[in-house]
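A.B. asks:
So, in structure tokens, the structure goes:
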């Protein structure tokens, strides 16, 4: 299998200038470059720049994947958008937190995963990264807990404490759930945190979805002056950039409730039992839904059984493998349809006529051996 590597970066705040696009073009002559994105794939070479440097200078979210299973996600936010205490999730490997002059860059990576990914999947996942970034900007920091929770679940007792904030860890957002699945975050880990939060004192989550008017009403006169000054100096100012300028993040001194590996471990067994029960219930519901769907389909077959008998006869006479497969499926459906309607006594004589009709078609007869055995068991039971 040949090598395949894919890069996709997006600019969310503002647009790439003509100069910036020209700079990006020197990195790749065949990349797709627009005012807000850069996309390229390689089969035998690689990107002629460090992705983290591209992110720092040009972009806000990005994704890389290779066909041997490696996936790397990049997410950049304004420096003051997230309390600095969350930078401690940096483990030097699967999570890298870089603090720049006016930004924070988070790099999440997995060397191998069991999920096949193609370019369309990567583009879809980029949408999740956009949503994750928006959540962080609005004060929803659950994403940053997830890698920490995985390491705590795996037994790492050296982790730095994180603020204990009353987020909803029982029901993650769609983007957070996608991240947890891709990066192998055990559901038991964030369920344990949910149980812990229900029995402990914690800081109130301040996730805000304010309208433009509500945001304006909350600004002080000095904040408004700062925003206007920045707008005139820069020529443009996105909503996220404006929020970053006036946002006052919490510091470690603002927190008094903390999450530690030891406090989480207390609730892991209860979380495991709860998740196991939910999985069993979900499996039972899935099986019941499949049973009802099958019953509905078989009742439809029984209602139009004459048509299905004709189909089976037609396919049996076509004399090739795919037609024999269709004939065998029709006959199995007919058998099951008669069975669920307590009408096998009617089915068996009709089947005997069909079996006599095809007795020289050995390939089809072989396809019906298991059905013949079921019919034999039925006749032996009456």
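In the working numbering, the protein residues as written are 8 to 389.
Every residue, glycine too, gets a C-beta built ideally from N, C-alpha and C.
1. My guess is that residue 345 and residue 353 are in contact by the Cβ rule of under 8 Å, so how many angstroms apart are they, rounded?
2. Can you list, in chain order, the residues of its chain with a C-beta nearer than 8 Å to that of residue 211? Leave out the 5 residues immediately preceding and following it.
3. I'd like to check one pair, residue 139 with residue 178: are the Cβ atoms closer than 8 Å?
4. From which residue to which residue does the beta strand (DSSP E) around residue 73 run?
5. At the level of alpha carbons, what is the spacing between residue 130 and residue 40?
6. Going by C-alpha distance, which of 195, 42 and 37 is nearest residue 21?
7. What is the DSSP secondary structure of residue 139, reduced to helix, strand or coil?
8. Whose C-beta lies closer than 6 Å to the C-beta of residue 119 among residues of the same chain, with five residues either side of it excluded?
9. Compute the Euclidean distance between the alpha carbons of residue 111 and residue 61, then round it to the nearest angstrom.
10. Do the CB positions of residue 371 and residue 331 come within less than 8 Å of each other?
11. For residue 195, count the other beta carbons within 10 Å of its own beta carbon; 16 or more makes it buried, fewer makes it exposed. Which is it?
12. Closest to residue 189 by C-alpha separation, out of 203, 326, 143 and 124, would be which residue?
13. Label residue 334 either buried or exposed according to how many other C-beta atoms from any shown protein chain fall within 10 Å of its C-beta, with 16 as the threshold for buried.
14. Smallest Cα separation from residue 197: which of 313, 381 and 159?
15. Taking 8 Å as the threshold (C-beta atoms), are residue 361 and residue 320 in contact?
16. Taking all protein chains shown into account, decide if residue 340 is buried (16 or more other Cβ within 10 angstroms of its Cβ) or exposed.
17. For residue 114, count neighbouring Cβ atoms within 10 angstroms of its own Cβ and tell me buried if that reaches 16, exposed if not.
18. Just reading off the alpha helix (DSSP H) that residue 294 is part of, what are its end residues?
19. Any idea what DSSP makes of residue 210, helix, strand or coil?
20. Return the bridge partner residues of residue 105 from the DSSP annotation.
21. Tell me the DSSP secondary structure of residue 165 in three-state form.
22. For residue 201, which of 278, 296 and 32 has the nearest alpha-carbon?
23. Measuring CB to CB, does residue 69 end up less than 8 Å from residue 81?
24. Using 8 Å as the threshold, is the C-beta distance between residue 116 and residue 95 below it?
25. When you compare each of 365, 295 and 148 to residue 88 by their alpha carbons, which one comes out closest?
26. Give me the Cα-Cα distance between residue 329 and residue 308, rounded to the nearest whole angstrom.
27. Pull up the DSSP beta-bridge partners for residue 360, would you.
28. Note the first and the last residue of the continuous alpha helix (DSSP H) segment covering residue 186.
29. With burial defined as no fewer than 16 other Cβ atoms inside 10 Å of the residue's Cβ, what is the status of residue 157: buried or exposed?
30. In whole angstroms, what separates the C-alpha of residue 181 from that of residue 141?
31. Does the Cβ of residue 84 have 16 or more other Cβ atoms within 10 Å, making it buried, or fewer, making it exposed?
32. In or out: residue 357 buried (at least 16 other Cβ within 10 Å) or exposed?
33. Under DSSP, the beta strand (DSSP E) around residue 85 begins and ends at which residues?
34. Excluding five sequence neighbours on each side, which residues of the same chain lie with their C-beta closer than 6 Å to the C-beta of residue 262?
35. Name the DSSP beta bridge partners of residue 33, please?
36. Output needed for residue 37: all residues of its chain with C-beta closer than 8 Å, excluding positions within five of it in sequence on either side, in chain order.
C.D. replies: Concretely, from the data shown:
1. Translated into positions along the chain shown, residue 345 becomes position 338. Translated into positions along the chain shown, residue 353 becomes position 346. Indeed, because the Cβ distance is near 6 Å, the residues count as touching under 8 Å.
2. Walking along the chain shown from the start, residue 211 turns up at place 204. Around residue 211: 172 and 173.
3. On the chain shown, residue 178 is found 171 positions in, with the first residue counted as 1. On the chain shown, residue 139 is found 132 positions in, with the first residue counted as 1. Not closer than 8 Å, so no.
4. One-based indexing of the chain shown puts residue 73 at position 66. Counting along the chain, the beta strand (DSSP E) containing residue 73 begins and ends at 68 to 73.
5. One-based indexing of the chain shown puts residue 130 at position 123. One-based indexing of the chain shown puts residue 40 at position 33. Near 15 Å, if we compare the C-alpha coordinates of residue 40 and residue 130.
6. Position 14 of the chain shown, counting from 1, holds the residue named residue 21. Here the closest residue by C-alpha is 42.
7. Here residue 139 refers to the residue found at position 132 of the chain shown. Residue state, collapsed to three classes: helix.
8. On the chain shown, residue 119 is found 112 positions in, with the first residue counted as 1. 76.
9. As a first step, residue 111 must be located in the chain shown, where it is residue number 104. As a first step, residue 61 must be located in the chain shown, where it is residue number 54. Between residue 111 and residue 61, the C-alpha separation is close to 14 Å.
10. The residue you call residue 371 lines up with position 364 of the chain shown. The residue you call residue 331 lines up with position 324 of the chain shown. For residue 371 and residue 331, yes; Cβs fall inside 8 Å.
11. Counting from one through the chain shown, the residue named residue 195 turns up at place 188. When all chains shown are included, residue 195 counts as buried.
12. On the chain shown, residue 189 is found 182 positions in, with the first residue counted as 1. It is 124.
13. Residue 334 sits at position 327 when you count from the first residue of the chain shown. Residue 334 should be labelled buried.
14. The residue you call residue 197 lines up with position 190 of the chain shown. That would be 159, whose Cα lies nearest to the Cα of residue 197.
15. Along the chain shown, read from residue 1 onward, the residue named residue 320 stands at position 313. Along the chain shown, read from residue 1 onward, the residue named residue 361 stands at position 354. Their beta carbons are under 8 Å apart, which means residue 320 touches residue 361 by this criterion.
16. Walking along the chain shown from the start, residue 340 turns up at place 333. When all chains shown are included, residue 340 counts as buried.
17. Translated into the one-based positions of the chain shown, residue 114 becomes position 107. Burial call: buried.
18. As a first step, residue 294 must be located in the chain shown, where it is residue number 287. Per DSSP, residue 294 belongs to the alpha helix (DSSP H) from 275 to 310.
19. Here residue 210 refers to the residue found at position 203 when the chain shown is read from its first residue. Note: residue 210 maps to strand in three-state DSSP.
20. In the chain shown, the residue the question calls residue 105 occupies position 98. Residue 105 pairs with 112.
21. Taking the chain shown and counting its residues from 1, the one referred to as residue 165 is at position 158. Correct three-state label for residue 165: coil.
22. By 1-based counting over the chain shown, the position of residue 201 is 194. Taking only the C-alpha atoms, the option nearest residue 201 is 278.
23. Looking up residue 69 in the chain shown gives position 62. Looking up residue 81 in the chain shown gives position 74. Result yes, Cβ atoms of residue 69 and residue 81 sit closer than 8 Å.
24. Locating residue 116 in the chain shown gives position 109, counting from the first residue. Locating residue 95 in the chain shown gives position 88, counting from the first residue. No, the pair does not count as a contact, with Cβ atoms beyond the cut-off.
25. By one-based count along the chain shown, residue 88 stands at place 81. Of the candidates 365, 295 and 148, the one whose C-alpha sits nearest the C-alpha of residue 88 is 148.
26. As a first step, residue 329 is located in the chain shown; it is residue number 322 there, counting from the start. As a first step, residue 308 is located in the chain shown; it is residue number 301 there, counting from the start. Each residue's alpha carbon lies about 21 Å from the other.
27. Along the chain shown, one-based indexing puts residue 360 at 353. Partner(s): none; residue 360 has no beta bridge.
28. Counting from one through the chain shown, the residue named residue 186 turns up at place 179. Its alpha helix (DSSP H) spans residues 181 to 189.
29. As a working note, residue 157 is residue 150 in the chain shown. Per the 10 Å Cβ criterion, buried.
30. Indexing the chain shown from 1 puts residue 181 at position 174. Indexing the chain shown from 1 puts residue 141 at position 134. Distance between the alpha carbons of residue 181 and residue 141: 13 Å.
31. Your numbering for residue 84 matches position 77 in the chain shown. Burial call: buried.
32. Translated into the one-based positions of the chain shown, residue 357 becomes position 350. Its Cβ having fewer than 16 others within 10 Å, residue 357 is exposed.
33. On the chain shown, position 78 is the one that residue 85 refers to. First-last of the beta strand (DSSP E) with residue 85: 78 to 85.
34. Looking up residue 262 in the chain shown gives position 255. Within the same chain, residue 262 has close Cβ partners 170.
35. For this step, residue 33 is matched to residue 26 along the chain shown. Partner(s): none; residue 33 has no beta bridge.
36. The residue labelled residue 37 in the question sits at position 30 within the chain shown. Contacts found: 47.
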